[in-house]
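J.: Taking numbering that gives the first Met the number 0, the leading residue of the sequence shown gets 0, the next gets one more, and so forth. Positions of the beta carbon are idealized from the N, C-alpha and C atoms, including for glycine. Fair warning: this is a prediction, and the values are worked out from it, not measured in the lab.
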Amino acid sequence: MKVAVDARMLRAGGIGTYIREIVGPWSTNAAVSRLQLLGRPREIAAWVDSLAPSVPIRITPWEDPPYSVAAQLRWPLSLSSSVRDCDVLFFPHYDAPAFGQSLPYAVTVHDLTQFLLTHQFPLAKRLAGRWLLERVARGAGQVLTVSETTRADLARLGIASGTAVTVIPNGVGDEYHPLDAHEETVARERWHERLPYLLLVGWDRPHKNSTFAVQIVHGLRERGREYRLVLAGPGGRMASVVRREAERLGVSDLVREVSEVRAELLRELYALASGILVPSLYEGFGLPVLEGTACGSPVFASDRGALPETVGPAEVAGLARVLPIDSPARWIEAIERVLSLGVGPDERARAIAHARRYSWIEASGNVLSALREVTERSPKRPLAGSS
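Shown next, in the form of structure tokens:
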């Protein structure tokens, strides 16, 4: 099976992780006869070199920004001809071509934030996004979602009603696990100026609700508990908003930004944190919940979107908690309780085992199976390499 993938967002936050973890294993999968990656050639080539692929890989330049008019125009004018001998296309988001697309394809819908938190997005952007999503979903051989919550949201909004929708949850990377004694010593030396701290991973968009996290450390300080807030990842347009809130509450000295975090350093931050905060107003999945749990740290997540679904039995185990986002006091009380009582080794082990059940390898295989189903339902032609 010849598979083409839109890899323009290879290094873009959560979607970048998704692309690398889902598509990477295909480079050594015998079911794939060729893998074609569309995006920034240098960026893709560096990643491909790290894979040691056994499958032939073709890199096709496509540098137009995602969700742009330029990208939509370039597809029918030039890019569509570069993939015409492929069996199936995979778009790891819903920014698939609205026109000039004849090959079978599948798309992944991660979340519907802009259609549910309408006050955070301009009307024109919401209307354009809704039009594109509906058109792409109608034409897709299959729509994939990363949670039951997102599938339910699609149904509630009346999108993709005539298309097969399959839930394939995200995974947690093998690199996320508790530190051993030596690793913890090294990590504490690296981050000692920030200890003790609460951690928020990904804070660059309004729906991440990062100002709520600032209010939490302020509330803890008022109760006599000094905990820093470490914000991991680029702040983007939210950086100035968060800084103003910290200044207003008098806790600027507690807020620390770590804009560039490699995976191995992020693991250290997760593992050393007194707690992981995920106060989002909406999430289609919530990777930090699993990554933090897998590293053995307490997680405090909001009750919005797919977060309760992702937390799952980890809440029963006592390592992760779902809390109402409209009650900062409940968050402060829950965090204080964990800080005072800690988490027992049995509870921690059960929660880590829950996180490890989410496998990227399994997710990758399931997405590839979904693509094969798309090709089998398509009247286009026999699969490349098939008899």
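Helix, strand or coil, according to DSSP, for residue 58 in the structure here?
T.: The answer is strand: DSSP assigns residue 58 an E or B state.
J.: Using a Cβ-Cβ distance cut-off of 8 Å, determine whether residue 199 contacts chain B.
T.: Absent from the structure: chain B. Only one protein chain is present.
J.: If you scan the stretch 128-194 from start to end, which runs of the alpha helix (DSSP H) of 4 or more residues do you find wholly inside it?
T.: Correct list: 147-155 and 180-190.
J.: Would you kindly work out how many angstroms separate the C-alpha atoms of residue 275 and residue 103, rounded to a whole number?
T.: The alpha-carbon atoms of residue 275 and residue 103 are separated by roughly 41 Å.
J.: Hey, could you find the ends of the alpha helix (DSSP H) residue 78 is sitting in?
T.: Note, residue 78: premise wrong, no alpha helix (DSSP H); not H, not E.
J.: Count the other CB atoms within 10 Å of the CB of residue 321; is the residue buried (16 or more) or exposed (fewer)?
T.: Label assigned to residue 321: buried.
J.: Sorry if obvious, but does the Cβ on residue 79 come closer than 7 Å to a heavy atom of the ligand PLP?
T.: No copy of the ligand PLP occurs in the structure displayed, which carries no ligand at all.
J.: Once you ignore the five residues that flank residue 300 on each side, which residues in its own chain have a CB closer than 6 Å to its CB?
T.: Within the same chain, residue 300 has close Cβ partners 277, 288, 306, 310 and 321.
J.: Is the separation between the beta-carbon of residue 250 and that of residue 222 shorter than 8 Å?
T.: No, the pair does not count as a contact, with Cβ atoms beyond the cut-off.
J.: Taking the alpha carbon of residue 162 as the reference point, which residue from 348, 168 and 150 has its own alpha carbon closest?
T.: Among 348, 168 and 150, the Cα nearest to that of residue 162 is on 150.
J.: Nearest by alpha-carbon distance to residue 180: which of 361, 270, 144 and 192 is it?
T.: Among 361, 270, 144 and 192, the Cα nearest to that of residue 180 is on 270.
J.: Restricting to Cα atoms, I'd like to know which of 177, 114, 203 and 241 is closest to residue 215.
T.: Of the listed residues, the one whose Cα sits closest to residue 215 is 241.
J.: Quick one, are the C-beta atoms of residue 228 and residue 197 less than 8 Å apart?
T.: Closer than 8 Å, so yes.
J.: Assuming contact is defined by CB atoms lying nearer than 8 Å, are residue 135 and residue 95 in contact in what I supplied?
T.: Their beta carbons are under 8 Å apart, which means residue 135 touches residue 95 by this criterion.
J.: For residue 64, which residues in the same chain have their Cβ closer than 7 Å to its Cβ, ignoring the five residues on either side in sequence?
T.: Excluding positions up to five away in sequence, the list reads 70.
J.: Starting from residue 269, follow the beta strand (DSSP E) in both directions and report where the run begins and ends.
T.: No beta strand (DSSP E) holds residue 269; the alpha helix (DSSP H) holding it covers 262-271.
J.: If distances are taken between C-alpha atoms only, which option among 22, 81 and 42 comes closest to residue 52?
T.: Nearest C-alpha to residue 52: 22.
J.: Helix, strand or coil, according to DSSP, for residue 10 in the structure here?
T.: If DSSP states are grouped into helix, strand and coil, residue 10 belongs with coil.
J.: Would you say residue 308 and residue 209 are within 8 Å of each other, going by their C-beta atoms?
T.: No, these two residues do not count as a Cβ contact at 8 Å.
J.: Round the Cβ separation of residue 59 and residue 35 to the nearest angstrom and send it over; I've been treating them as touching at under 8 Å.
T.: The pair is a contact, with the Cβ atoms about 6 Å apart (cut-off 8 Å).
J.: Would you give the residue range spanned by the beta strand (DSSP E) that residue 319 belongs to?
T.: Looking at the DSSP string, the run of the beta strand (DSSP E) that includes residue 319 is 319-322.
J.: With distances taken from CA atoms, which of 178, 125 and 18 is nearest residue 367?
T.: It is 18.
J.: Please report the distance separating the alpha-carbon of residue 68 from that of residue 290.
T.: Cα to Cα, the separation comes out at about 35 Å.
J.: Tell me the rounded alpha-carbon separation between residue 247 and residue 259.
T.: Their backbone Cα atoms lie some 26 Å apart in a straight line.
J.: For residue 24 and residue 360, I'd like the C-alpha separation in whole angstroms.
T.: One C-alpha to the other measures close to 7 Å.
J.: Just reading off the alpha helix (DSSP H) that residue 3 is part of, what are its end residues?
T.: Premise fails: residue 3 lies in the beta strand (DSSP E), 1-5, not in any alpha helix (DSSP H).
J.: Got a sec? Which residues, its chain only, sit under 8 Å from residue 50 by beta carbon, not counting five neighbours each side?
T.: Hits under 8 Å: 23, 26 and 27.
J.: Quick one, which of 225, 74 and 268 has its alpha-carbon nearest residue 176's?
T.: Nearest option by C-alpha distance: 268.
J.: By a C-beta neighbour count over all protein chains shown, 10 Å radius and 16 as the cutoff for buried, is residue 266 buried or exposed?
T.: Burial call: buried.
J.: Output the boundary residues of the beta strand (DSSP E) element that contains residue 90.
T.: Run containing residue 90: 87-90, per the beta strand (DSSP E) assignment.
J.: Would you kindly report the start and end of the unbroken alpha helix (DSSP H) that includes residue 35?
T.: Careful: residue 35 lies outside any alpha helix (DSSP H), inside the beta strand (DSSP E) at 33-38.
J.: Under the rule that 16 or more other beta-carbon atoms within 10 Å means buried, what is residue 159, buried or exposed?
T.: Under this definition residue 159 is a buried residue.
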